[in-house]
Every structure is written in structure tokens, then in C-alpha cells.
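Please read the structure below before turning to the comments.
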């Protein structure tokens, strides 16, 4: 029976997005208890508005502070002990919850996670891992920005954790793990990637070698591993191009009467396309490697998107992801590697 | 009067693409002489087919070999002294041409450029620089894959060269130079980028600071600088996503009668969009930093795209790009930086 702690003050709209999302989920997940953390009166009011005030599987935990979106992580650690984010993490740390979901400040969430939960034994640096769409389904990408200047051993750890997540939680048998590189040939790449390639090849993984950025959306790999700097830049650049394409399309459609007519005819198709590629579907990145399940939602997530993030938490909690990683990690990581990390 | 050496055997189709492209250009550029390099009889036959055999501004230079698309650069250097690629570069080296255009093996082209042309004094590593579209125009991105594991000083050199290209050749006054990073804050980024930021800030550039991948297509900068590994991955990933979006759109359109009807209505708009974002428009990357103008076309470029690459060469030759870079480089690069490069 998973207990999910929710940072209900987080995100652009806080409770007015979070609580409707929980309402959408509570009936579909009869085995889950939701622990909403934040200002009690605000949360109570929102629950009442949605007729959820006495729900037996929704519990409130008061927190008097909120971590600011631009607050420096170190500052949040020091000065926001009674923030909804910290109280939620404390619930997880103390065993009252199996997972935390927050749409708040990523840096602060990761910092609190590292300090109060620590990392799974054998993991040096937790990574931000998220699912992205492919033409046939989805793949897991990590690290998407938590760590810059990764060592090859960190990439190995990302690969092992990502593979476990894909296998246990997404049900992918023997997930294909690829290393994001500038070419498929072994000799290509920077020093970090070339060394990481050797480590991945030696590990107990279904390692398919290097994958290029142009191939990942075709579904060539189930897990794509990269340095946090590279991953973040690649992700942001792709999003930027998608936005530009979208912008150009809209511009084309508003030109003249034909454009407007064509838009009307085209609208259901565009809607289907948007739905297919909807980033809201994929909302919910895992801070993978913390000794507890912590899920980060986009700050601007709407009710639908936030619910998807909570579902990631539910799935990982049900499959006891952290426990599995801890068990498997010791086997997978070569003693030579662990000592040099 | 620019002289442009063209590797006429290069690319997927060689002369049957190259020579039609030259035909499209020769009338529009009455001041340019084209030096086509390759197998004389093949070239002669193609010229005759297009009624260009006696054109006063098209000269032939025989070369008996061709560099293979998958040939190792070191092998091409050793064994292909009479390749169309090498002969073209020799024309530039010996002052018979002002620029070289090739659609051949990038690694071999760069290797030959480095060995036979060397780099502009003050430049350690030439970068691959190309224009990419924005919602309002275009921007120059470099390095797109020539160099992995760049030092901060290399990024400074890329910035200076890119700025000169944008200013002199594209006519952009005080080009805004941005450093591709994972966030706009100064503290963000890996060691390389953080140190490069200091160097760029101290140089005589219109440095606007960090730019995120999601912003570059909005035209926030005229020149975007990055490590070759990062640049190549970001570019390939963006292209992969664009391909996927395109694929999903096509799939949406073929579904059912409505889909097909909508496609017909939508076609002119899609065509306009494709034209706007057409990568063929932007074909022609500069191997920026070699002591001579060398332009690389995509191997699969068609006649239109190859002509665009040749026009890049013409523009850079007219504006004496290499000379300008050499002049400006000494002023811009701090003696401290140069000695530690």
C-alpha cells in the first residue's frame, strides 16, 4: 500500500493544481494514500472545494514555509526546514511515505534529497532521469542536468540505475542501453565517453554501444546515458527547435483566408499530434540514485501533467525501485570501479 | 575576382549534382571563376551535357583519385595525393583559388586542411561552423563536431572567429555572441564553460553571456559557441526530434479519409514550412580557422543545396574572411591566453 508524499505548495499554482490532480488519481488508485504537505488551511480549503475533505486516503501535513523557485539550494537547506518540500522529504526519510513528488525548485529538491536521504550505497551522484517519446513508444534519458563533468564511473552508475528502472518499473525485458555519442564508431567521442564505453561493455547490461542524437527518438535504445551537461543542452535544444517548428506552423496558418481555412481543417490532426508528443504525458522526472523515490514535476505542470508525475511515483513505489537498485548495484558495479569512484 | 575550387567528385552523386549546381550559379556570379577538380573526361562529359564545355569561367583540373566516404583521414592523407579533394586544396594552398568546396569525407577534408593549409596564426583548432535557422533569421553555431574536449581558450577562439564571420560576411553589426550552457546564471555550467565565460567576457566581443539550447532558435544570439561534442550531440538530437515530429505528422495525415483530405488542404502550408526550415538552405559549413576558406557541403546535398554551399564560399572569399580573421585574431587574443593555449 504505497504512501505518496506530495509537496502541495509546489509549482506555479500550488494547491490549485496539485489537489485537482490528486482528485483525478485517488479513485483510480484505491491502494494509495496521499500525504499532502503545505499550509493546512489553504489545503483544507481546496480539499473542501473539491469535496475531498474527509477522504480516508488523503492526509494533511502542515508546513509553514515554501521554497522559492529561484532560491539557492544552500539557502533552502539552511532556512526552509519547515517548507512543504522539506517536510515531504522528511516523511520519506522517516518511513511514513514511500515516495515524494514536488514541482518545486529542482536544485533545492536534489540538495535536500542528498542531505536528508543520502544516496543509495554505491551511487555517487543521483541523476535526473525522464522519459521521452519515440516513434514507437518511449525511452529513458539520464542525466538530464543534475551533474556536469561526470566521470566515466558516474555514467556507468546512471546506466545501471536506468536499466533497472526500465526493466522493473516499465516492464522492458533486458533494456537496451545506449551511450549518447557523436558517432557510432568506437573511436569517436570525448575521453569521458570513450572510457565509459569500456565500463558499460564490461558491466552486466544489454549495452548496445554508442547512439547518436539523431537516432534516440527512433527508439534504438530503451535507456540513453549521457553527462548532465550534454543531456540538458541536448534536451533544451530539441525543445527549442520543436517550439520553433510549432511557431512557424502557426505563422503559416494565420496567413490569409486559405491559411485560416486550412487550420480549421487541420486542427483535429494537430491536436492528435500535440497529444502524441505532449510533454505533459511525460511529466515526472526521477532523481535517480537518492535513497528514496523522489519525483520532480515541471513547475508549470497543469493538473493532468502533475497527475502523471504522481503516477511515476506510484509505479516506482509499487515496484520498490530504490530497494531493487540497492540490491542490484552491488553486483553490477565492479569492485575496481567502486574503489576508484 | 574570386576563384572557387570545387571538389567535383565529392558527395553522393558527384559531378551529376555538382555541375548542375555550378550551372545554376555561373550566370548569377559574373565575377567568379569555378575550378572543377576531378576526372577530366567525366567532368567534360557532364559539362557538355549542360552546354558549359567552353565556358570561360569554368576550368577543369584533373584528379585521378577520390577520397572514400568512410576512408580514415590518415589513410586519405597518405594514399590519396591525387584525389579531387587534395588537388582542390592544393589549388587554394598555392594561391590559384580563394576557397574550396567539397561534399566529401569531413574528417579527411579537415585533416588535409590542417596539413596543407595549416591554421590561421593564433588558432589552435579549426571548428565546423554552420548557420541554423531562427524564427527571425539565422545564427552561426560552432563547433559542430570537429573538436571534442575543447579547452576554454578554444571556445574563445571559436567566439572570435564566429563573430568576425557574422560581422564581415553576414553583415551583422556587433554580432551577439552567446555561450551554450545549461542555464543563464553565471554559476551554472561545467568547468570548461565557466572558464570560457571569463575569457569571452574579457575579450573584445559583444558577449551576451550564457544561452540555453531552448533559446538559440529564437534568435537571442547571432553566434553560439560550444564544445564540438556538445554541439554535435545537440544538433543531431534536434534533427532527430524534428524528424520524429515530421514522421508523426505524416502518420496523422494518412489516417483515414479525413486525414487525406486534410493533407491536401494543408499541403501548401506544409510546403511553405518545409521551405522555411529547409536544411538545404543552410547547406555549407565552414571549417573555420584553417588558413584558407574551406566549405563542407552535406554528402547528400542536391543541386540546390550544393549551390548554397558554393555561395558560402563565394561570400567568404569576397569578404576575404581568412585575412580578416588573421588580422583581428592577434588583437583579440590576450597574450596570456595565447601562451597557455
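Chains as they are written, first to last, in UniProt numbering: chain B, 1 to 341; chain U, 1 to 341.
Backbone N, C-alpha and C fix where the C-beta goes; we use that ideal spot for every residue, glycine too.
Quick check: residue i and residue j, are their CB atoms within less than 8 angstroms of each other?
i             : j             : result
residue 273/B : residue 248/U : yes
residue 95/B  : residue 63/B  : no
residue 200/B : residue 159/B : yes
residue 76/U  : residue 27/U  : no
residue 166/U : residue 140/U : yes
residue 232/B : residue 145/B : yes
residue 6/U   : residue 34/U  : yes
residue 12/B  : residue 300/B : yes
residue 383/U : residue 128/U : With chain U covering 1 to 341 only, the question about residue 383/U has no answer from this structure.
residue 224/B : residue 270/B : no
residue 15/B  : residue 46/B  : yes
residue 196/U : residue 211/U : no
residue 283/B : residue 305/B : yes
residue 182/U : residue 229/B : yes
residue 32/B  : residue 314/B : yes
residue 293/B : residue 99/B  : yes
residue 176/U : residue 216/U : no
residue 307/B : residue 130/B : no
residue 252/U : residue 101/U : no
residue 68/U  : residue 135/U : no
residue 133/B : residue 114/B : no
Which residues in chain U have a C-beta closer than 7 angstroms to the C-beta of residue i? List them in chain order.
i             : result
residue 247/B : 135
residue 80/B  : Residues of chain U passing the Cβ test: none, with the nearest at roughly 20 angstroms.
List the residues of chain U whose Cβ lies closer than 9 angstroms to the Cβ of residue i, in chain order.
i             : result
residue 115/B : Near residue 115/B there are no residues of chain U at all, since even the closest Cβ is about 19 angstroms away, more than 9 angstroms.
From the beta carbon of residue i, is the nearest beta carbon of chain U less than 8 angstroms away?
i             : result
residue 12/B  : no
residue 241/B : yes
residue 145/B : yes
Report the neighbours of residue i on chain B: residues whose CB is nearer than 7 angstroms to its CB, in chain order.
i             : result
residue 272/U : 252
Where does residue i land, buried or exposed, given buried means 16+ other C-beta within 10 angstroms?
i             : result
residue 214/B : buried
residue 168/U : buried
residue 9/B   : buried
residue 161/B : buried
residue 58/U  : buried
residue 264/U : exposed
residue 41/B  : exposed
residue 112/U : buried
residue 202/B : exposed
residue 187/U : exposed
residue 310/B : buried
residue 1/U   : exposed
residue 178/B : buried
residue 227/B : buried
residue 340/U : Caution applies to residue 340/U, whose pLDDT of 46 falls short of 50 and renders its modelled position unreliable; the value that the coordinates give is listed next. Classification of residue 340/U: exposed, given that the 10 Å Cβ count is below 16.
residue 192/U : buried
residue 327/B : exposed
Please confirm whether residue i has its beta-carbon closer than 8 angstroms to some beta-carbon of chain B.
i             : result
residue 323/U : no
residue 233/U : yes
residue 236/U : yes
residue 139/U : no
residue 153/U : no
residue 282/U : no
residue 214/U : yes
residue 158/U : no
Using the beta-carbon of each residue, which ones in chain B are nearer than 9 angstroms to residue i?
i             : result
residue 244/U : 133, 134, 135, 217, 218, 277
residue 269/U : 249, 252, 253, 255, 258, 259, 262, 263, 266
Under 8 angstroms between beta-carbons, which chain B residues line up against residue i? List them in chain order, please.
i             : result
residue 149/U : 190, 191
residue 229/U : 182, 189, 190, 193, 230
Does any residue of chain C have a CB that is nearer than 8 angstroms to the CB of residue i?
i             : result
residue 149/U : No chain C appears in the structure shown, which is made up of the protein chains B and U.
Every unbroken alpha helix (DSSP H) inside the segment 241-283 of chain U [4 residues or more]: 256-276
Length at least 3, wholly inside the segment 177-243 of chain U: the beta strand (DSSP E) runs in chain order: Within the segment 177-243 of chain U, the complete beta strand (DSSP E) segments of 3 residues or longer fall at 206-212, 223-225, listed in chain order.
Contiguous beta strand (DSSP E) assignments of at least 3 residues, all confined to the segment 51-79 of chain B: Annotation: the segment 51-79 of chain B contains the following complete segments of the beta strand (DSSP E) (minimum length 3 residues), in chain order: 58-62.
Segments of 4+ residues assigned as alpha helix (DSSP H) that fall wholly inside the segment 74-135 of chain B: 84-93, 106-112
Those runs of the alpha helix (DSSP H) which lie wholly inside the segment 278-323 of chain B and span at least 4 residues: 303-318
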